[in-house]
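Input: a single structure, listed below in structure tokens.
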Amino acid sequence: MGHYIRILTPSQTVPSIARIRAALSSNAPLGQLEVEAGPDEGWTQISVVHESGEVVADIERNSDSDGDLIAEEIEEFREEIEDYEPASAAAWLADYLPNIKTIYAFQLLGGTEADQGWEILGTVKNSIHEQVGGIIQADHEGFTEERGFQILWQFSDSVTGPWWMAVLQDGKWIRFQMDLGNRKHRKAFLVGKVPDGVTMGE
Numbered sequence: 001m002g003h004y005i006r007i008l009t010p011s012q013t014v015p016s017i018a019r020i021r022a023a024l025s026s027n028a029p030l031g032q033l034e035v036e037a038g039p040d041e042g043w044t045q046i047s048v049v050h051e052s053g054e055v056v057a058d059i060e061r062n063s064d065s066d067g068d069l070i071a072e073e074i075e076e077f078r079e080e081i082e083d084y085e086p087a088s089a090a091a092w093l094a095d096y097l098p099n100i101k102t103i104y105a106f107q108l109l110g111g112t113e114a115d116q117g118w119e120i121l122g123t124v125k126n127s128i129h130e131q132v133g134g135i136i137q138a139d140h141e142g143f144t145e146e147r148g149f150q151i152l153w154q155f156s157d158s159v160t161g162p163w164w165m166a167v168l169q170d171g172k173w174i175r176f177q178m179d180l181g182n183r184k185h186r187k188a189f190l191v192g193k194v195p196d197g198v199t200m201g202e
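One point on numbering: in our numbering, the residue at position 189 of the sequence shown is 189, and numbering is uninterrupted.
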């Protein structure tokens, strides 16, 4: 089935193919975009391809006009997040998810490991997110808030490295960068607190 990243948004705006291509040209010129299904102004599937021919990702745009698909996926997410922390983030997501109208499902493929592969993927993801807003979900990582800061922990226990996170306090997101492998940082985050000694965000 592969690894997936998803953008979940209340917006029904169709992201501009021209804007995505312009972003690639500026930030990751080895990447190319191919429309696989639908016209440019109403696409339902695109492929992100490395100039070598390797496919970086296939992206499907599923909207609430696609029958029960969106509702079923949202219900699965709502059931899944009940078991994850921080509890404040899980509660926020449970309220947010029913508003989702469109899901962009990115299936990551072998081209991500090619030269500029991750930059190509990130450029396309960021361009779509900038155009439609919403939150991001990544398999084996968790969910973000609307600015892309991680709010729910679904990482493996062995994860390490710096990561931008956010916790909900008094109805506002407090953003910071923590070390995922630092047990004290992790313990604080999981109960919805800002860990000591972290780099604060805006």
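Every residue, glycine too, gets a C-beta built ideally from N, C-alpha and C.
Asked, Found
"Check whether Gln-177 and Thr-199 have beta carbons under 8 Å apart", "yes"
"Cα-Cα separation, Ser-158 to Asp-139", "15 Å"
"Cβ-based burial, Thr-123 [other Cβ within 10 Å; buried from 16]", "buried"
"Extent of the continuous alpha helix (DSSP H) to which Val-132 belongs", "117 to 132"
"Inter-residue spacing [alpha-carbon to alpha-carbon] between Met-1 and Ser-47", "Bear in mind that the predicted position of Met-1 carries a pLDDT of just 48, short of 50, making it unreliable; the figure below should be weighed with that in mind. About 16 Å."
"Contacts around Tyr-96, its chain only, beta-carbon distance under 8 Å, and the 5 residues preceding and following it disregarded", "Ile-135"
"Those residues which DSSP pairs with Thr-199 across a bridge", "Gln-177"
"7 Å CB neighbourhood of Gly-117 in its chain, flanking five on each side removed", "His-50, Val-56 and Gly-111"
"C-alpha distance - Asp-64 paired with Ile-81, whole-angstrom precision", "21 Å"
"Burial state of Ala-91, where buried means 16 or more other Cβ atoms lie within 10 Å", "exposed"
"Cβ pair Pro-15, Ile-174 closer than 8 Å", "no"
"Straight-line Cα distance separating Ile-151 from Trp-187", "Per the sequence presented here, residue 187 reads as Lys, with Trp not at that position. Near 14 Å, if we compare the C-alpha coordinates of Ile-151 and Lys-187."
"Residue range of the unbroken alpha helix (DSSP H) whose run includes Ser-26", "17 to 27"
"CA-to-CA distance, Phe-155 to Tyr-84, given in whole angstroms", "10 Å"
"For Phe-149, the three-state DSSP class (helix, strand or coil)", "coil"
"Distance, Glu-75 Cα to Leu-33 Cα", "31 Å"
"Residue closest to Ser-88, alpha-carbon to alpha-carbon, out of Trp-153, Lys-184 and Glu-130", "Trp-153"
"Secondary structure of Asp-95, DSSP reduced to three states", "helix"
"Among Asp-68, Ile-59, Arg-61 and Pro-98, the one whose alpha carbon lies nearest that of Arg-78", "Pro-98"
"Cβ separation of Thr-44 and Arg-61, assumed to be a contact under 8 Å, to the nearest whole Å", "5 Å"
"Between the CA atoms of Val-194 and His-185 - distance to the nearest angstrom", "8 Å"
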